[in-house]
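Chains as they are written, first to last, in the working numbering: chain V, 12 to 417; chain W, 6 to 148.
Below is one structure, written out as structure tokens; comments come after it.
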């Protein structure tokens with residue numbers, strides 16, 4: 012099957028919008044992906060035709076919404092190839108997912124002196140929750156450095172692993188520089204010393220097939236809005252035995268079996284971790300997004316994005332005074348770069364006038380910026396709808412900026 | 006130098022441009038007209054919060070009666086530095102009472118740059134205007 016990018020583009024109405032009178036070249040999917048109309052239609056149809064709160068009513072709409080929402084859990088299970096759908100917990104996003112694991116698993120099972128290993132590539136959302144836990148429980152955070160090309164330094168990682176290592180929390184694909192981290196190998200090494208592993212899959216799930224059983228991940232988190240779904244919904248996958256052993260994190264409705272003022276019996280998985288009315292529409296919208304992406308197929312998506320990444324890398328490299336940050340062999344569709352003499356913020360402003368949307372700044376990864384001794388970078392990130400024309404528009408915009416600031 | 010200009014001159018110059026490129030070229034030029042920022046004043050205290058670019062601002066209140074505002078300012082991004090220069094021109098030489106009454110957004114709107122004065126632009130300009138207004142309010146209350 013050939014990859015019909017024009018058909019895909021036509022599924023995303025926003026891509027036909029003009030920006031400052033120019034064609035939109037949307038190259039910020041890494042921050043948040045645009046939504047196909049099947050996702051927005053699904054949400055509108057839910058609200059207009061069959062909406063009610065879930066897990067509560069016996070009437071038709073409540074049952075319908077419950078069925079639709081729970082069907083998404085099964086879709087998520089399929090997406091991640093989890094063993095059971097009740098291993099997939101709905102949360103607001105990956106950030107909440109990591110906080111859930113740090114607060115529930117971490118508080119219950121990590122003790123003073125226990126070591127948690129992170130890498131330099133981590134997003135702030137996979138750093139701060141562990142620092143909060145450190146301040147509460149006196150655990151120790153160890154950081155694996157990266158090599159100059161932006162890959163995790165595996166020798167350094169092996170040296171950091173020890174019987175004191177109780178948890179390893181790592182990003183699957185770097186949001187800032189695109190590196191695909193060898194998480195399977197890192198997980199196996201962590202398991203050898205008896206540590207549990209969380210993988211932050213935010214930038215992996217939209218680009219490649221993920222198999223949590225093959226990775227042997229103990230926890231895997233992602234955000235719905237990065238895989239063409241709505242904001243406000245995300246997933247924590249956890250192995251059943253771990254989730255069962257963990258205490259609930261937030262208390263409220265839906266997560267209980269029975270409540271008296273003396274005692275509360277908690278509900279079973281997955282509801283134990285889902286207090287309160289969830290993002291029903293967000294969840295159901297995520298289901299539509301997962302169907303949409305799977306329908307295109309990850310083999311096709313991966314091959315297409317890889318080709319586009321190679322093209323973008325070649326074109327950007329041809330620009331004078333442009334330096335790509337992050338040149339690991341294994342990369343997903345994210346390119347970070349700096350331009351000599353042009354501040355990322357200035358570049359972003361000029362590109363905006365040219366209809367090109369990129370992200371500028373530290374990308375919530377200040378340790379990476381410190382590693383490369385830059386305040387920030389400009390980042391182009393690719394999605395299923397991008398084309399060579401988008402890249403050409405970016406390159407022309409950069410050349411224009413060079414003429415303005417030159 | 007920037008001191009030779011008034012905000013009225015700048016507004017008039019901007020009115021001559023009809024394409025965004027010329028407008029931004031002029032913004033950049035205004036930034037280049039700023040006197041060098043005193044290195045000793047490049048402290049966290051004088052830094053304005055902004056995510057993608059750094060902005061420093063050092064206000065002075067003169068000995069006049071009533072006192073008037075004067076500023077040093079800087080940014081590591083050219084366009085933002087130009088916006089800093091424009092903001093300084095808007096507030097420079099004003100008494101605290103006058104500064105409170107200024108509608109900076111309306112002026113930037115007139116120039117066609119008000120999109121830079123939204124909290125989400127995270128370029129520090131919004132925080133800079135907020136800070137000037139806070140200082141003006143404080144100085145006004147002390148007067």
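Note that beta-carbon positions come from the ideal geometry of N, C-alpha and C, so glycine has one too.
Use the C-beta contact count for residue i: other C-beta atoms within 10 angstroms, 16 or more gives buried, fewer gives exposed.
i	result
residue 361/V	buried
residue 111/W	exposed
residue 45/W	exposed
residue 98/V	buried
residue 41/W	exposed
residue 93/W	buried
residue 174/V	exposed
residue 342/V	buried
residue 122/V	exposed
residue 315/V	buried
residue 51/W	buried
residue 85/W	buried
Look up residue i in the DSSP assignment and say whether it is helix, strand or coil.
i	result
residue 210/V	strand
residue 296/V	helix
residue 31/W	helix
residue 272/V	coil
residue 235/V	helix
residue 103/V	coil
residue 284/V	helix
residue 99/W	coil
residue 42/V	coil
residue 18/W	helix
residue 109/V	helix
residue 229/V	coil
residue 54/W	coil
residue 126/V	strand
residue 33/V	strand
residue 107/W	coil
residue 277/V	strand
Mind checking which residues open and close the alpha helix (DSSP H) that includes residue i?
i	result
residue 383/V	Careful: residue 383/V lies outside any alpha helix (DSSP H) and carries neither H nor E.
residue 327/V	309-328
residue 78/V	71-91
residue 149/W	Absent from the structure is residue 149/W, since the part of chain W shown begins at 6 and ends at 148.
residue 195/V	194-203
residue 139/W	130-147
residue 17/V	16-21
Which residues mark the beginning and the end of the beta strand (DSSP E) in which residue i is found?
i	result
residue 64/W	60-66
residue 90/W	Counting along the chain, residue 90/W falls outside any beta strand (DSSP E), though it belongs to the alpha helix (DSSP H) covering 83-96.
residue 246/V	245-249
residue 27/V	Premise fails: residue 27/V is in no beta strand (DSSP E) and is neither H nor E.
residue 80/W	74-80
field: Ordered list of alpha helix (DSSP H) runs contained in the region 44-68 of chain V, each at least 4 residues
entry: 48-56
query: If you scan the region 135-191 of chain V from start to end, which runs of the beta strand (DSSP E) of 3 or more residues do you find wholly inside it?
result: 151-155, 176-182
task: Could you tell me whether the region 100-112 of chain V touches the region 227-235 of chain V, where touching means 3 or more Cβ pairs closer than 8 Å?
output: yes
message: Which complete beta strand (DSSP E) runs does the region 331-406 of chain V hold, if anything under 3 residues is left out?
response: 333-336, 345-350, 370-372, 388-392
query: Any chance the region 17-30 of chain W sits against the region 67-78 of chain W, with 3 or more Cβ pairs inside 8 Å?
result: no
- prompt: Do the region 239-256 of chain V and the region 280-300 of chain V touch if we need at least three Cβ pairs shorter than 8 Å?
  reply: yes
query: Is the region 392-399 of chain V in contact with the region 328-335 of chain V, if contact means three or more CB pairs nearer than 8 Å?
result: no
message: Closer than 8 Å is the cut-off here; do at least three beta carbon pairs connect the region 369-379 of chain V with the region 129-144 of chain V?
response: yes
field: Meets three-Cβ-pair contact criterion under 8 Å: the region 210-223 of chain V and the region 279-286 of chain V
entry: no
- prompt: Is the region 145-152 of chain V touching the region 88-102 of chain V in the sense that three or more CB pairs, one from each, lie closer than 8 Å?
  reply: no
message: Is it the case that the region 406-414 of chain V contacts the region 339-359 of chain V, given that we only count it when at least three CB pairs across the two stretches are under 8 Å?
response: yes
query: Taking one C-beta from the region 193-202 of chain V and one from the region 166-185 of chain V each time, how about it: are there three or more such pairs within less than 8 Å?
result: yes
task: Please confirm if the region 34-41 of chain V is in contact with the region 363-371 of chain V, defined as three or more CB-CB distances below 8 Å between the two stretches.
output: yes
message: With a threshold of 8 Å, are at least 3 pairs of Cβ atoms found where one atom belongs to the region 205-217 of chain V and the other to the region 76-85 of chain V?
response: no
- request: Check whether the region 62-71 of chain V touches the region 187-198 of chain V, taking contact to mean three or more Cβ pairs, one atom from each stretch, closer than 8 Å.
  value: no
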